[in-house]
Every structure is written in structure tokens, then in C-alpha cells.
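For the record, the sequence lines run as chains A and B.
Note that this note's numbering has the first sequence beginning at 1, numbered continuously upward.
Note that this note's numbering has the second sequence beginning at 145, numbered continuously upward.
Using N, Cα and C, we set each Cβ at its ideal position, and we do this for glycine too.
Being a predicted model, the structure only gives us computed values, none of them experimental.
Written below as C-alpha cells is the structure these notes are about.
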Amino acid sequence: MSNVRQISVFVDNKPNQLAGVMKMIKECKINVRALSLADTSDFGIVRMIVNDTDKAVEKLKAASYAVTVTEVVAISIPDTPGQLSRVLDILGNRNVNLEYLYTFLGKSDRSVSFVIRVDDIENASVALNDGGIIQLTENDIAEM
Amino acid sequence: MEKYWNKEIECASRAKMKKLQDERLVAQVKHVYENVKYYRDLMDKKGVKPEDIKGTEDLHKLPFLSKADLREAYPYGLLAKPLSECVRIHSTSGTTGKRVVAFYTQNDVDMWDECCARAITAAGGTEDDVVQVAYGYGLFTGGMGLHGGSHKVGCLTLPMSSGNTERQIQFMQDLEATILCCTPSYAAYIGETIHDMGLSPDDLKLKAGIFGAEPWTEEMRRSIEKSLGIKAFDIYGLTESSGPGVAFECSEQSGMHINEDNFIPEIIDPDTGEVLPEGEVGELVFTSITKEAFPLLRYRTRDLCVLSRKKCSCGRTLIKMAKPMGRSDDMMIIRGVNVFPSQIETVLIEQGYSPNYLIEVDRVNNTDTLDISVEMNPDKFSDKVKDVQKEERALAGAMKDMLGINPKVHLVSPKSIARSEGKAVRVIDRRKLHD
Ligand SMILES: [Zn+2]
């Protein structure tokens, strides 16, 4: 299994909330590899993949943030047209529901990496493997 | 074994207590009529003479006093002793209009200390205990009241006042405090901070807490008892009648015994002023029969509650008042429905949320709006937006079942709603701005 742990942080929909979380992560010398913010009129959820998940969770909890860790799939695909749609088809064909996805920060010329949150991670992982999609491990991400 | 501070009074027969009350009431009415022009005018207007009051059964003949009277008579209008005989004042927080200032002679202070000593003893306190007083000291009656009672019992008294929570906890640990006195919202905050500091109740010697000065629910009691590892006792009082100690809870934890030798309670219909029979809900009215400097007769507290003479397992015969359901001041009328903050607190604790919340009421397009901010419980947080929204709807649903109207619930970050070290501010009503 090559699942990757994602950190989610609950934030209020007020100015500087995301900045507050990022400042804290930066002060701990933790690098963020992927980041997204889902927001509603009331609240937001910051989701991220970092190079030291345990330390980031510990620091955020100590600062009273509501934090949760979820297993997600991280993939790397060629940066050419039609690749993402192929991934979605692979998952759809195995009846895996996609909750959300977002890209890693920065990319190489040839490939692009995504975080994918699905309802059935085991099934998704096998399906992606069968379909020849490269999945990243936490080690891969730490070395990015 | 139940311990009493003053067994003769606390366990007196009904006949003995009535006789004491009758004598004291007759003398008090005479004292007030002779020395307080403001009340004499009220009695004259009603056509009541001191001779008409022969015992507690005549109490209903006397005129009421309300908070409005106290404001009107501010500062000396209700004073019944020369200032030279007064030794102290206390005052209400006075968020609206004029403050209320209450005066005390030395006898008044002694009586108050006696009432608080009974409360501390009922909570299991003896001269071997260490009492940490984390109520505010100053004009507020909480600090000085429990402080005086603790001295009287002979406990080692830590006059901490409120605030500086980490220092409170350090003293609590180092000096092995056994009894904590503060507002329930501050007790909850101390419990939360102990947890955050990585401590548990096992690191403390606390066994009991005496909490009052604001309404709190049974759910909140259980939650504080768990977080501090103590038995939590309610205490009741108001500045107008001396301070905390007018009534106190015993080991049965099912209502507070009123110190009837000093305060005669009545329950009235708040609309008609008619006295209601025992067991009916109404507004609590107190007559202080021993206070010298600031003796209020038939003072309307605006607290809604029930009285009971049912036999108590602790052996005390003093009448009991149920935990007030809320002060009529705290009651909000939203879309025509009566809403108490305590109902919202009950739902939050039942659903596993922090009792630290903020109620905002407003009026938009002639319709009342009710918004309740609740701190996210980290254990219930999911990475999916729809799950968080589902939780908000579930909370709103539980509140609707309790209140009868649909509020909007907003989950906010943990610890983002200001903590209170004294009386908590839970309600912001913006409708008044539009009137
Ligand atoms: Zn009792």
C-alpha cells in the first residue's frame, strides 16, 4: 500500500485564518507539498500534504486547532492532455467515488502530481495500480 | 455523615423556624418603616401599617421592591442605618442604567459569613480544608462572601480572585486546595486548562466546588465534576440581599436550602404579583429579616423557580429552591417563543460540544434571527465539507427539538469564543438597536 496521510485543519471563514496555519507550519520548518482550501460562507477546511506529518499534527493540536488525518492517494501522471480523465475513468469503472482532488505545488516539465480523496481507498489503489498509474509514497513526497 | 455548621437552625422544627421568622419579620418591618422613607411611602400608599404585620402570614400585605426601585433610590434611599454604623459596600455590575449599591453593618457581614460557612460545611468543608476562592474580589460579592465563610469555618483560605488561570492551577497543586469557589463558567475553563496543561484530576487534591453567580445546567454540573474530579455544589445569592449564601446545596444536590432564618422566600406570579402555592413555578421574592443596613422587604429577584418543603435526605429542614430556570432578564423572546440560554447549553453538552457558545439575536425583514456559534469538537471534525455541514444541521435539529424554533448553528474553531473568568456573556441581542 502506498497511501499518503493528508492533514486537514478546521478554520473560520475570517481574514488571516489560512495565513495563521501556514505561519505555524513554516515556523516549525515543515515543508508543504500540496495544499488546498475548501471554504463555505461559514468555515473553511485547509488540506495539505507535508514532509513531516506527525510533527505538523502535534504542533497544530497544541495550538488548539481541530485537526484530522486522512489517508489519500497521491499520483503522478504525464503532463499531457487526457491523462487526468483517464485516471477518473479508471476510478469510475471500479465504482470508486471521488470526494475531491487537488494538485501538488510546483511541477516538473513532464509530469503533474495530484492528491485524490476517495471513499474506498483500497479499491482505488488497486485500480490505479492495474491501470499503470504511478502512486507516490510518503517517502517520495518527503524527498520532493 | 452529613455535617452542619449550625445544626440548631439548619435542622430546626418548622414551628421553631416560623416563630423565629415571625419575631424577626415584625421587628424588621418596624425598623424599615421608621428608618427608610422610600419604603414607608410605599407602605403608606398601600395603606399598610407596621402593626398590620403580625407574622409571616401577613407578608403578602407588604408592597414589593423591584430593581427599578433600587435604581431610583440610589445611592442612600434604602439605607436603614446611619453611615457611621456601616462598614462596607458591594455593588452590582450595573451593565444597564445605574448601579445598585448595597450597604453592610458589621452584623450584616457576620450574618453573611455565617450563611457562607453553612454552604462550605454542606459541601464537606472543615477546618482541615484548603479553600481556593477564584471568584472576583472587589465590588462583586462572590470573592468576599466565600472568603468570609471560609475564614469562619477555619479553612486555609487562598484569596486568588479570578483570572491568571495557570497560576490558579499551580496554587491548586502546590497548596493542595480541596475546595474551589468560582463561577461555573470559570470552573469549566479551569478544567479545560488543566487538561491542556497535560494534568488530570489525579494530580489535584480537589474534592468539591461551590459554584454560583450565574445560571448553569445539570449537564454542565456533570461535565465540571468529571473534568475536575469533584462534587459540584450550587450556591445562590444576589448583591441586593447580601451575596452568595442566601441558599446553598447539600449532599443531595437536588436544589438549594434557603437560609430561612435570614431570608423568607415567596414565589409569585410575575404578571399579577399574586403569591403562588408551593410547587408552582414563578418569580422568587425575598424578604431579608435580619439585615440592618440594607433590609429589602419583598424584593423581586426576577429569577424563575420552584420552592419545595419535601424532606431532604441531608436532615436539613430549611426550605429548598430548585435551580432557577433562568432569570426573567435572561429570557429571550424569539419569534414569539421563550428561549433561555440554559436550554442551548443543555443541548450542546448532550451532543458532546463545549458549553462555551455565543447566541446572536437580530431582526432581519421583521423576522427574528437566532444564530448560535459553537466551538468545533476536534473529535468530530472530518476533512469533508459536507460532513461538517451535516453536523451543523444535526445540532440545529437538536436545538429545534428543545426550543421549538429553528436556529442557525455555526461551527467555529476550538477556543475561539472568549473564555470568561467571571460571569460569562453568552447573548448579543441586536434587536434593541432597531427599536
Ligand atoms: Zn439537603
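>> Among B:Tyr380, B:Leu164, B:Val173, B:Pro499, whose alpha-carbon lies nearest the alpha-carbon of threonine 285 of chain B?
In response: Residue 285 of chain B sits at position 141 when you count from the first residue of the second sequence. Scanning B:Tyr380, B:Leu164, B:Val173, B:Pro499 for the CA closest to the CA of threonine 285 of chain B turns up B:Tyr380.
> What is the residue span of the beta strand (DSSP E) that lysine 375 of chain B lies within?
Replying inline: Translated into the one-based positions of the second sequence, residue 375 of chain B becomes position 231. Bounds of the beta strand (DSSP E) holding lysine 375 of chain B are 375-382.
> Would you report the Cα separation of lysine 528 of chain B and glutamate 519 of chain B, rounded to the nearest angstrom?
Replying inline: Residue numbering aside, residue 528 of chain B sits at position 384 when the second sequence is read from its first letter. Residue numbering aside, residue 519 of chain B sits at position 375 when the second sequence is read from its first letter. Computed Cα separation, rounded: 17 Å.
> Residues bridged to glycine 44 of chain A by DSSP?
Replying inline: On the first sequence, position 44 is the one that residue 44 of chain A refers to. Per the DSSP secondary-structure output, glycine 44 of chain A pairs in a beta bridge with A:Val11, A:Asp39.
> Does methionine 520 of chain B get closer than 9 Å to chain D when you measure Cβ to Cβ?
Replying inline: Here chain D cannot be found, since the structure's protein chains are A and B.
> How many Å lie between threonine 265 of chain B and glycine 389 of chain B at the Cα?
Replying inline: By 1-based counting over the second sequence, the position of residue 265 of chain B is 121. By 1-based counting over the second sequence, the position of residue 389 of chain B is 245. Threonine 265 of chain B and glycine 389 of chain B: Cα-Cα distance of roughly 12 Å.
>> Just checking arginine 460 of chain B against ligand 1 - is the residue's beta carbon closer than 8 Å to any of the ligand's heavy atoms?
In response: Locating residue 460 of chain B in the second sequence gives position 316, where the first residue counts as 1. At least one heavy atom of ligand 1 is nearer than 8 Å to the Cβ of arginine 460 of chain B, so yes.
>> My output table needs one value for valine 96 of chain A: the three-state DSSP class, helix, strand or coil.
In response: If you number the first sequence from 1, residue 96 of chain A lands on position 96. When DSSP states are grouped into helix, strand and coil, valine 96 of chain A belongs to the coil group.
> Are the Cβ atoms of alanine 540 of chain B and asparagine 550 of chain B separated by less than 9 Å?
Replying inline: Within the second sequence, residue 540 of chain B is the residue found at index 396, counting from 1. Within the second sequence, residue 550 of chain B is the residue found at index 406, counting from 1. Taking 9 Å as the Cβ cut-off, alanine 540 of chain B and asparagine 550 of chain B qualify as a contacting pair.
> If you draw a straight line from the alpha carbon of isoleucine 134 of chain A to that of lysine 524 of chain B, how long is it in whole angstroms?
Replying inline: Along the first sequence, read from residue 1 onward, the residue named residue 134 of chain A stands at position 134. Along the second sequence, read from residue 1 onward, the residue named residue 524 of chain B stands at position 380. Taking the straight line from one Cα to the other gives about 33 Å.
> Can you round the beta-carbon distance between arginine 117 of chain A and glutamate 99 of chain A to whole angstroms, since I take them to be within the 8 Å contact cut?
Replying inline: For the purposes of this step, residue 117 of chain A is identified with residue 117 of the first sequence, where counting begins at 1. For the purposes of this step, residue 99 of chain A is identified with residue 99 of the first sequence, where counting begins at 1. Taking C-beta atoms under 8 Å as the contact rule, arginine 117 of chain A and glutamate 99 of chain A qualify, at a distance of about 4 Å.
> Identify the residues that DSSP records as bridge partners of threonine 513 of chain B: which are they?
Replying inline: Translated into positions along the second sequence, residue 513 of chain B becomes position 369. As DSSP reads the structure, threonine 513 of chain B sits in a beta bridge with B:Asp506.
> beta strand (DSSP E) containing isoleucine 572 of chain B: first to last residue?
Replying inline: Here residue 572 of chain B refers to the residue found at position 428 when the second sequence is read from its first residue. Going by DSSP, isoleucine 572 of chain B is part of the beta strand (DSSP E) stretching over 571-573.
>> So within the stretch 434-508 of chain B, which uninterrupted alpha helix (DSSP H) runs reach at least 4 residues, ignoring any that extend past its ends?
In response: Counting only runs of 4 or more, we get 485-494.
> Candidates B:Leu324, B:Arg366, B:Glu358: which alpha carbon is nearest leucine 348 of chain B's?
Replying inline: Here residue 348 of chain B refers to the residue found at position 204 of the second sequence. For leucine 348 of chain B, the closest alpha carbon among the candidates B:Leu324, B:Arg366, B:Glu358 is that of B:Leu324.
> Which runs of the alpha helix (DSSP H) fall wholly inside the stretch 223-293 of chain B and span at least 4 residues, in chain order?
Replying inline: DSSP runs (the alpha helix (DSSP H)) wholly in the stretch 223-293 of chain B: 250-266.
> Residues of chain B with a CB under 7 Å from the CB of alanine 38 of chain A: which are they?
Replying inline: Translated into positions along the first sequence, residue 38 of chain A becomes position 38. Simply Val529.
> If the cut is a Cβ gap below 9 Å, which residues of chain A does leucine 492 of chain B touch?
Replying inline: What you label residue 492 of chain B is simply residue 348 of the second sequence in a count that begins at 1. Result: empty, since nearest Cβ-Cβ is about 16 Å, beyond 9 Å.
>> Strictly below 7 Å CB to CB, what residues from chain B border threonine 68 of chain A?
In response: For the purposes of this step, residue 68 of chain A is taken as the residue at position 68 of the first sequence. Phe525, Ser526, Asp527, listed in chain order.
> Count the other CB atoms within 10 Å of the CB of methionine 543 of chain B; is the residue buried (16 or more) or exposed (fewer)?
Replying inline: Residue 543 of chain B sits at position 399 when you count from the first residue of the second sequence. Around the beta carbon of methionine 543 of chain B, 16 or more other beta carbons lie within 10 angstroms, which makes this residue buried.
> Is lysine 467 of chain B near ligand 1, with its Cβ less than 8 Å from a heavy atom?
Replying inline: Working through the second sequence from its first residue, we reach residue 467 of chain B at position 323. No, since every heavy atom of ligand 1 falls outside the 8 Å radius drawn around the Cβ of lysine 467 of chain B.
>> Shorter than 8 Å, the distance from the beta carbon of cysteine 394 of chain B to the closest heavy atom of ligand 1, or not?
In response: If you number the second sequence from 1, residue 394 of chain B lands on position 250. Within the cutoff, so yes.
>> Tell me which residue opens and which closes the alpha helix (DSSP H) that lysine 559 of chain B is part of.
In response: Position 415 of the second sequence, counted from the start, is the residue given in the question as residue 559 of chain B. Under the DSSP assignment, lysine 559 of chain B falls outside any alpha helix (DSSP H); it carries neither an H nor an E label.
> Counting only beta-carbon atoms, is glutamate 310 of chain B nearer than 9 Å to chain A?
Replying inline: On the second sequence, position 166 is the one that residue 310 of chain B refers to. Not closer than 9 Å to any Cβ of chain A, the Cβ of glutamate 310 of chain B fails to qualify, so no.
>> Please report the distance separating the alpha-carbon of leucine 440 of chain B from that of valine 67 of chain A.
In response: Your numbering for residue 440 of chain B matches position 296 in the second sequence. Your numbering for residue 67 of chain A matches position 67 in the first sequence. A straight-line Cα-Cα distance of about 54 Å links leucine 440 of chain B and valine 67 of chain A.
> For glutamine 6 of chain A, which residues in chain B fall below 9 Å Cβ to Cβ?
Replying inline: Here residue 6 of chain A refers to the residue found at position 6 of the first sequence. Going along chain B in sequence order, the residues near glutamine 6 of chain A (Cβ under 9 Å) are Asp527.
> threonine 327 of chain B and glycine 356 of chain B: beta carbons closer than 9 Å?
Replying inline: Residue mapping note: residue 327 of chain B aligns to position 183 of the second sequence, counting from 1. Residue mapping note: residue 356 of chain B aligns to position 212 of the second sequence, counting from 1. Contact: yes.
> How is the beta strand (DSSP E) around phenylalanine 114 of chain A delimited, first residue to last?
Replying inline: The count along the first sequence starts at 1 and reaches residue 114 of chain A at position 114. Per DSSP, the unbroken beta strand (DSSP E) holding phenylalanine 114 of chain A starts and ends at 111-118.
> Which residues in chain A sit within 7 Å of serine 457 of chain B, going by Cβ to Cβ distance?
Replying inline: Position 313 of the second sequence, counted from the first residue, corresponds to residue 457 of chain B. Residues of chain A passing the Cβ test: none, with the nearest at roughly 42 Å.
>> Please list the terminal residues of the continuous beta strand (DSSP E) segment that includes glycine 426 of chain B.
In response: Mapped onto the second sequence, residue 426 of chain B falls at position 282. Where glycine 426 of chain B is concerned, the enclosing beta strand (DSSP E) stretches over 426-432.
>> Output needed for isoleucine 488 of chain B: all residues of its chain with C-beta closer than 7 Å, excluding positions within five of it in sequence on either side, in chain order.
In response: On the second sequence, residue 488 of chain B is found 344 positions in, with the first residue counted as 1. Beyond the five residues adjoining it in sequence on each side, isoleucine 488 of chain B comes within less than 7 Å, by CB distance, of Tyr501, Ile503, Ile516, Met543 in the same chain, given in chain order.
>> Any contact between the stretch 381-401 of chain B and the stretch 251-263 of chain B? By contact I mean 3 or more CB pairs, one from each, below 8 Å.
In response: Yes: the two stretches touch, three or more of their Cβ pairs being nearer than 8 Å.
>> Below 8 Å on C-beta distance, what does leucine 555 of chain B contact in chain A?
In response: Within the second sequence, the letter at position 411 stands for residue 555 of chain B. Going along chain A in sequence order, the residues near leucine 555 of chain B (Cβ under 8 Å) are Phe10, Asp42, Phe43.
> Bridge partners of glutamine 6 of chain A, per DSSP?
Replying inline: If you number the first sequence from 1, residue 6 of chain A lands on position 6. Paired residue(s): A:Thr70.
> Which chain A residues sit within Cβ distance under 8 Å of lysine 559 of chain B?
Replying inline: Along the second sequence, one-based indexing puts residue 559 of chain B at 415. Proximity of chain A to lysine 559 of chain B at the Cβ level (cut-off 8 Å) is accounted for by Ser64, in chain order.
> Can you find a heavy atom of ligand 1 that lies under 8 Å from the Cβ of serine 157 of chain B?
Replying inline: Start at 1 with the first residue of the second sequence, and residue 157 of chain B comes out as number 13. No.
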